[in-house]
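Heads up: the structure comes next, in structure tokens.
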Amino acid sequence: MRSSRFDPVADDYDAGRPSYPDEFFEAIEDVTGPLAGQLVLDGGAGTGIATRQLTARGARVAGYDIAERMLRRARARSPELSFVLADGNMLAFRDGCADLACFAQSWHWLDQDGACREVARVLRPGGHWAAWWNHAAADGEEWFTAYQGAKESACPLYRRSQANTDGSLAAITRSGLFEPGISIIVPWTRTVAAQDWITDERSKSYVNAVRPAERERLLTEVARIVGERFPGGQMTVPYCTQAWIARRR
Ligand SMILES: C[S@@+](CC[C@H](N)C(=O)[O-])C[C@H]1O[C@@H](n2cnc3c(N)ncnc32)[C@H](O)[C@@H]1O
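So in my numbering, spot 156 of the sequence shown is number 166, and the numbers just go up one at a time.
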């Protein structure tokens, strides 16, 4: 089993990351039909954020991930749900068993062509693949530009262009196994305490990859930027959740 860059940040991830808006799942259901009763494989389930939300809509969900500590957090929070240690590039699920194979903030971590073949194998004909991401979308706001700049300077693995997920359908389209994919974008507003924003920053793999002293300098700088813009300590930040969805032929 390969290792995950997320295990070292599992606690901060569990404490700091936002969930996805209800309107987003409603938009997904407009494409997939009601999630209630669907068998969903939640790839790169991590601490189980999407697993819990899909389950709340009545789906039967199996979450899987390569990160043991992330899954430990998921199981601790939701012991009634099913989480297995598995690599999305080589799945131990039966052919044609799933109605939906989804990847919440995780598709970009997989070997796209191999993962795509596995998804196509485990989906029933007419089932759906979906990959989605949450993004802060405060482009043009002065504090956000400063915040992005601070991260780009300190984190060699970070570029603000990473928020662009337009290439997500490439392997799916290349495979010839899916109908043409579509994109859904749901804008929303995240209300979050500034200290939780910092916890969220700590949970990012590219922030954790920076040497500890530089990481603390960056987080102090981010806290300063955020504190100037939101002096009351409560942030309201425009967000969007973007999904890419394709139907198995
Ligand atoms: C950004 S986290 C997303 C977690 C969760 N889905 C969410 O919505 O917050 C990405 C997750 O993908 C997992 N991951 C990376 N490569 C993987 C692979 N080959 N197979 C399964 N999971 C993988 C990581 O371990 C990590 O937990």
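Glycine residues also receive a C-beta, built at the ideal position from the N, C-alpha and C atoms.
Compare the C-alpha of residue i against each of the options and name the closest.
i      : options                          : result
ALA141 : ARG239, ARG87, LEU110 and GLN205 : LEU110
ASN174 : ALA253, VAL41 and ALA160         : ALA253
ARG79  : SER92, ARG67, ARG27 and GLY56    : GLY56
ASP75  : LEU49, CYS112 and PRO44          : CYS112
ILE182 : ARG259, ILE195 and ARG221        : ARG259
VAL71  : ALA25, GLY54 and THR209          : GLY54
ARG127 : ALA86, TYR157, PRO89 and PHE188  : PHE188
ALA77  : MET11, GLY124 and PRO28          : MET11
THR251 : THR199, MET245 and ALA86         : THR199
VAL196 : TYR30, LEU167 and GLN172         : TYR30
HIS145 : GLU151, PRO248 and VAL217        : PRO248
List the endpoints of the continuous alpha helix (DSSP H) containing residue i.
i      : result
TYR157 : 152 to 164
THR230 : 222 to 239
LEU64  : 59 to 66
ARG257 : Element bounds for ARG257: not the alpha helix (DSSP H) but the beta strand (DSSP E), 244 to 257.
ASP32  : 32 to 42
ASN218 : 215 to 218
With H, G and I counted as helix, E and B as strand and the rest as coil, what does DSSP make of residue i?
i      : result
SER2   : Only positions 11 to 259 of the chain appear in this structure, which leaves residue 2 out of reach.
PRO18  : helix
ARG82  : helix
LEU110 : strand
PHE188 : strand
THR183 : helix
ALA203 : strand
SER116 : coil
SER193 : strand
ASP97  : strand
In the DSSP assignment, the beta strand (DSSP E) including residue i goes from what residue to what residue?
i      : result
ARG70  : 70 to 75
TRP143 : 133 to 146
LEU49  : 49 to 53
Our contact map puts residue i next to residue j with C-beta atoms below 8 Å; I'd like the distance itself, whole angstroms only.
i      : j      : result
ALA114 : GLY137 : 17 Å between Cβ atoms; not a contact.
ASP52  : GLY73  : 4 Å
PHE93  : ALA102 : That belief does not hold up - the Cβ atoms of PHE93 and ALA102 are roughly 14 Å apart, past 8 Å.
LEU45  : PHE35  : 7 Å
ILE194 : ILE255 : 7 Å
VAL19  : SER213 : 5 Å
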